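Enquirer: Residue numbers (my numbering), protein chains in the order written: chain A, 1009 to 1313; chain B, 1009 to 1313; chain C, 1009 to 1313; chain D, 1009 to 1313. Ideal placement from N, C-alpha and C gives every residue a C-beta, glycine not left out. Computed from a prediction, not measured in an experiment: that's the story for all the values here.
There are 4 protein chains.
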Amino acid sequence: MDLSDVAATVLQDMQAHLVQGRVADYIPALARVDPRHFGLAIVTCEGETVIAGDADVPFSTQSISKVFTLTMALEKLGAELWKRVGREPSGSAFNSIVQLERERGVPRNPLINAGALVVADTLLEGGPAATIGEIVAFVRRAADDASITIDPEVATSEANTGFRNASLANFLRAEGNLHGAVADVLRVYFNQCALALSCRQLARSALYLASGGVDPLTGTHVTTPMRARRINALMMTSGHYDASGDFAFRVGLPGKSGVGGGILAIAPGRASIAVWSPGLGPQGSSLVGVMALQRLAALTAWSVF
Amino acid sequence: MDLSDVAATVLQDMQAHLVQGRVADYIPALARVDPRHFGLAIVTCEGETVIAGDADVPFSTQSISKVFTLTMALEKLGAELWKRVGREPSGSAFNSIVQLERERGVPRNPLINAGALVVADTLLEGGPAATIGEIVAFVRRAADDASITIDPEVATSEANTGFRNASLANFLRAEGNLHGAVADVLRVYFNQCALALSCRQLARSALYLASGGVDPLTGTHVTTPMRARRINALMMTSGHYDASGDFAFRVGLPGKSGVGGGILAIAPGRASIAVWSPGLGPQGSSLVGVMALQRLAALTAWSVF
Amino acid sequence: MDLSDVAATVLQDMQAHLVQGRVADYIPALARVDPRHFGLAIVTCEGETVIAGDADVPFSTQSISKVFTLTMALEKLGAELWKRVGREPSGSAFNSIVQLERERGVPRNPLINAGALVVADTLLEGGPAATIGEIVAFVRRAADDASITIDPEVATSEANTGFRNASLANFLRAEGNLHGAVADVLRVYFNQCALALSCRQLARSALYLASGGVDPLTGTHVTTPMRARRINALMMTSGHYDASGDFAFRVGLPGKSGVGGGILAIAPGRASIAVWSPGLGPQGSSLVGVMALQRLAALTAWSVF
Amino acid sequence: MDLSDVAATVLQDMQAHLVQGRVADYIPALARVDPRHFGLAIVTCEGETVIAGDADVPFSTQSISKVFTLTMALEKLGAELWKRVGREPSGSAFNSIVQLERERGVPRNPLINAGALVVADTLLEGGPAATIGEIVAFVRRAADDASITIDPEVATSEANTGFRNASLANFLRAEGNLHGAVADVLRVYFNQCALALSCRQLARSALYLASGGVDPLTGTHVTTPMRARRINALMMTSGHYDASGDFAFRVGLPGKSGVGGGILAIAPGRASIAVWSPGLGPQGSSLVGVMALQRLAALTAWSVF
């Protein structure tokens, strides 16, 4: 089956399942998204792009943005980063503070909220506005698309309701694991979560993770081969909070989900895949998105296992 | 570099590190193992076998045996198994009872002790002696080697000192998630842990996991392709307790460690690998064993990421 | 209001509330107890005994027996006991194992199950049968009543279903905080829980706690004044598991509840009080028993606060 | 022994122990307090005041202020308060956030930090400045001393370093258990902690708790008899965080400690006692302060047990 047939089959098979799950409703900008959206984009290392459904509609990437800031932090700090954040699955919800107390302010991994706050802190050097600019620039360059922006309404709403993240950030600061001001770290974090990308843009922007850290289409160095592999490993063990094991089990690809309903998946050596369906399951990942990736992995035999 | 050179290089590179870590000393049979042992065996899907060091010295497989009983339970129960045990990383130590209380007696995954006790319980039908016989038969058949046995001294010692496992088993029974008698389940578990295999035998016995569930050398069906993939996924996210993320990060292969110093790793589609070095790190995996697999993965580029 | 009027008023006020709560049903001998029973006995330091309702019907004292074994262990070991068990409220359920793992096998206090198992272990010297005999002798002497016995059916049922306690005992043994055999410790514990006392006997047997460690009616030394005070302190902070704060708040007396529906309360310098009503609340204390003691404390102004 | 002899004896017996423990050093105003201070004041229900040592030197009351705001909240809300905060010992450190996550934002009791933040929130009606004014007015009235003030340097320092409390407050807000603005609640809390009282003032201000809610010297109604008893009960089970059981065990009086080195203890029906020694033990209570109260309780036989 060629890739366009895969995408078409997945799109068709998902029709019956749409409107499952519950759209994130903690901010108006997410609550009003139509739950019937479904988008899929596959970008291969050879440069083929296959799309299906609403693959060109931008959505809020939310936690998927952690993959980009993690890449930036590894480029900046290298292994020093691992002094401030672990690389183990947390076994807990995305915003859990329990483990943070038990483990004295060292987040389990950079893909849970607490870890992403530490990552944001490491990028703060020139002040929050500059850091936000650098994150946007990083994603534009990785996606080879200068039109990518942050949704300002989402960023503002996140800031107004982000008490749980403010709790985590203050906790990290109390434990000495934030160096910048709490407000600055939160500002960066809320803005990165508000990055708006379509499936096409998201899959394109993460293609470097499928191809050893280098963008195979432009030749741009994004990160080293070893770091690309390690980011993939982290996505495999920790990319879906307390549903990471289930995703590995069902899909068999490194992935990262966001509460906006998007999921990024990487088939190393083959392709970068983005799927979007706003209805969420109990652990905060797109219900139909996981199904779609499970189907796609079965059709392509791209499981790494 | 061909595989024999890989094995030789790994063996040589590890010489400087031997005698690191601390040999398990909770039972005499493990405590008296010479910490300078190092063995490595690679068996490819094409039937090539490469060994280095003490690859023919049998050691106590301990928790690695959980991979075999999990395979047996999936063949017997299919997806019914997942009603009694989860498939998420635990984020906790191998013998933790905390999560068991929080989650009402459903172990996080079948590769922690509590999960393996439930798996053993599902295999109990004909009584503990019969079940132990079936486990040995399964491993002999998978390894195509009728000489494999259980070390009776280890099994007895485990039973005499296994209070933590007895605590877990009684807890599971109290929550209704053991159906057999506690003593029977423990007897099976202590015996499976006492399975004695050399690196060569261990790598050979798990080759079905590298080749879609079928032994590529004998054609024997061991499990389905999907189950083989899923067992690999579980090893990736949960095969090393609270060091699973680190193993995925450094080695990039599904693996399962045992407190006897052995580690099994699977390179899907390529090979099954067994390494043995008795000195353990703080989380209970072989210190030099992990290093050796990291080196091997770098030399072969077999990381799945 | 004199004490007989207090008892009569409490009895009358409780009529409307009987049959509230749920009788413990984990063993048949408890499950078949009529939930409409209500008994009350007050024995003052001056020797006055006032009863109401079913004050002469024996019931299973269950966890209330921990007060007696604690007294015995303090007499035997003195402050050495506190090396093996703490004296802080646990903030957890009576049979929680979580804190035991976090705190390396040292139970929070001697009035939760894990703590009582350690206490039982300290009394084991002459073997379980001898220890059980000593416990019965202690209670008979404290109650000045040679007819007190253990209900053998309850003891046997406890042993057959006590998997959670077996889990705790094995855990304590694994952490080195049981010195005797697990089976022996459990045998003592299950038997002490099966002590059958009426309200009259129970109140009488604990009178030493209201009068500085000496039985004011016989002059028998049971424990020192300081230890009596400290046992009362422990009952105040920890006598009702995760409802201890509520009991202190509502009743204002040191107390100890049992899953058989009995509650012992001490008014230091004044009286020992026993109440019995089999229906339990969510934390395992007698629902109507707590109400009755709250009413009694209001009528007598015996709250220590 | 009359009370002046008791005070003199305690003062003398403590000399050998002074400079034990470590002065709180998280803010300069506390760090520079001379650890050799020791003060003691006893105010009886009959109006006798006995002091020893530095009983007229003001110190930072810190968490002891929670007793006053709790009284205010109970007067304002009555039993409604218990819908937002529990009354069980927490079994955890004073600033733990773990239980808050497990129990969905309902603090275990009003004497841990999280609980005191909720209490502060209930007092916020007229804005933070008005609330702070009301708290000062309450304490002045209770102490019959218009000179009592807040130390502005301490209040400011608390605000600048109070990340852990900010974490708790944001967490409570995220769970819907703060109604006011996080910044307002924190402002009230940091100011109440900065109340500066001498031992003489502190003992005098809490005399209503020893005498059924009414100031026995002025006749002023502060709270009801039942609420006074219940506040005492809460101090007994929860007044010293995870050392509450130990305090009950050793001293036998309801008490509340503060990180400034002060401890308030109540002998119901007899006296209110304040002690101050800045060196802290591992759980954050004054080391010598607890010793002094243990000695005092032994000399006076005021233990409630």
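Kindly say whether residue 1245 (chain C), judged by its beta-carbon, lies nearer than 9 Å to any beta-carbon of chain D.
Expert: yes
Enquirer: Would residue 1153 (chain B) and residue 1213 (chain B) be called neighbours here (beta carbons separated by less than 9 Å)?
Expert: The answer is yes: Cβ separation under 9 Å.
Enquirer: Indicate whether at least one CB of chain A lies closer than 9 Å to the CB of residue 1196 (chain D).
Expert: no
Enquirer: Counting only beta-carbon atoms, is residue 1141 (chain A) nearer than 9 Å to chain B?
Expert: By this cut-off, residue 1141 (chain A) is not an interface position.
Enquirer: Going along the chain, which residues of its own chain have a beta-carbon closer than 7 Å to the beta-carbon of residue 1197 (chain C), five neighbours each way excluded?
Expert: 1124, 1125, 1128, 1173
Enquirer: Are the CB atoms of residue 1256 (chain B) and residue 1242 (chain A) nearer to each other than 9 Å?
Expert: yes
Enquirer: Name, please, each residue of chain D whose Cβ falls closer than 8 Å to the Cβ of residue 1095 (chain C).
Expert: 1253, 1254, 1257
Enquirer: How would you list, in chain order, the residues of chain D whose beta-carbon sits under 9 Å from the beta-carbon of residue 1223 (chain C)?
Expert: None at all; the shortest Cβ gap to chain D is about 17 Å.
Enquirer: Unbroken alpha helix (DSSP H) runs of length 4 or more, entirely within the region 1129-1159 of chain A: which are they?
Expert: 1136-1151
Enquirer: Residue 1241 (chain D) touches chain C at which residues, Cβ-Cβ below 7 Å?
Expert: 1256, 1257, 1260, 1313
Enquirer: For a cutoff of 9 Å on Cβ pairs, would you count residue 1202 (chain D) as touching chain C?
Expert: The beta-carbon of residue 1202 (chain D) is placed no less than 9 Å from the nearest beta-carbon of chain C.
Enquirer: Are the C-beta atoms of residue 1174 (chain B) and some chain C residue less than 9 Å apart?
Expert: For residue 1174 (chain B), the answer is yes, since a Cβ of chain C falls inside 9 Å of its Cβ.
Enquirer: How is the beta strand (DSSP E) around residue 1253 (chain B) delimited, first residue to last?
Expert: No beta strand (DSSP E) contains residue 1253 (chain B), which is instead part of the alpha helix (DSSP H) from 1252-1258.
Enquirer: Beta carbon of residue 1201 (chain C), beta carbon of residue 1166 (chain C): below 9 Å?
Expert: yes
Enquirer: Could you tell me whether the Cβ of residue 1250 (chain A) comes closer than 9 Å to any Cβ of chain B?
Expert: Using beta-carbon distances, residue 1250 (chain A) counts as an interface residue toward chain B, with a partner under 9 Å.
Enquirer: Suppose the cutoff is 7 Å on Cβ atoms and the five residues either side in sequence are ignored; what does the same chain contact list for residue 1112 (chain B) look like?
Expert: Cβ within range, chain order: 1183.
Enquirer: For residue 1110 (chain D), does the count of other Cβ atoms within 10 angstroms reach 16, so buried, or fall short, so exposed?
Expert: exposed
Enquirer: Could you please give me the residues that DSSP links to residue 1127 (chain A) through a beta bridge?
Expert: DSSP, once it has assigned bridges, lists no residue as partnering residue 1127 (chain A).
Enquirer: Just curious, the beta strand (DSSP E) that residue 1203 (chain A) is in, first and last residue?
Expert: 1203-1205
Enquirer: What first and last residue would you give for the alpha helix (DSSP H) that runs through residue 1297 (chain D)?
Expert: 1295-1308
Enquirer: What does residue 1158 (chain C) touch in chain B if you count any residue whose Cβ is under 9 Å from its own?
Expert: Within 9 Å Cβ-Cβ: nothing; residue 1158 (chain C) doesn't reach chain B, min ~23 Å.
Enquirer: Within a Cβ cutoff of 6 Å, which residues of the same chain sit near residue 1075 (chain D), ignoring the five residues on either side of it in sequence?
Expert: 1264
Enquirer: Distance, Cα to Cα, residue 1073 (chain C) vs residue 1309 (chain D)?
Expert: Taking the straight line joining both Cα atoms gives about 28 Å.
Enquirer: What number of angstroms, rounded off, separates the C-alpha of residue 1195 (chain C) from the C-alpha of residue 1136 (chain C)?
Expert: 7 Å
Enquirer: Which of the three DSSP states is assigned to residue 1104 (chain D) in this structure?
Expert: coil
Enquirer: Have a look at residue 1327 (chain B) and residue 1049 (chain C) and give me their C-alpha separation to the nearest angstrom.
Expert: Because chain B is modelled from 1009 through 1313, residue 1327 (chain B) falls outside the range shown and cannot be assessed.
Enquirer: Can you tell me where the alpha helix (DSSP H) with residue 1098 (chain D) in it begins and where it stops?
Expert: Careful: residue 1098 (chain D) lies outside any alpha helix (DSSP H) and carries neither H nor E.
Enquirer: Let's test the definition: count the other Cβ atoms within 10 Å of the Cβ of residue 1270 (chain D) and tell me whether it reaches 16, buried, or not, exposed.
Expert: buried
Enquirer: From residue 1096 (chain D) to residue 1240 (chain B), what does the alpha carbon distance come to, in whole angstroms?
Expert: 46 Å
Enquirer: With DSSP as the reference, identify every bridge partner of residue 1184 (chain A), one or two as the case may be.
Expert: Per DSSP, residue 1184 (chain A) has no beta bridge partner at all.
Enquirer: Determine the closest residue to residue 1260 (chain A) out of B:1186, B:1298, B:1313, with distance taken between C-alpha atoms.
Expert: B:1313
Enquirer: Within this structure, are the beta carbons of residue 1282 (chain C) and residue 1272 (chain C) separated by less than 9 Å?
Expert: yes
Enquirer: What alpha helix (DSSP H) runs, 4 residues minimum, are completely inside the region 1049-1094 of chain D?
Expert: Runs found: 1073-1085.
Enquirer: How should residue 1229 (chain C) be labelled, buried or exposed, when 16 other C-beta atoms within 10 angstroms of its C-beta is the threshold for buried?
Expert: With fewer than 16 neighbouring CB atoms inside 10 Å of its own CB, residue 1229 (chain C) falls in the exposed class.
Enquirer: Among B:1089, B:1302, B:1180, which residue has its Cα nearest to the Cα of residue 1105 (chain C)?
Expert: Measuring from the Cα of residue 1105 (chain C), the nearest candidate turns out to be B:1180.
Enquirer: Nearest chain C C-beta to residue 1117 (chain D) closer than 9 Å, yes or no?
Expert: yes
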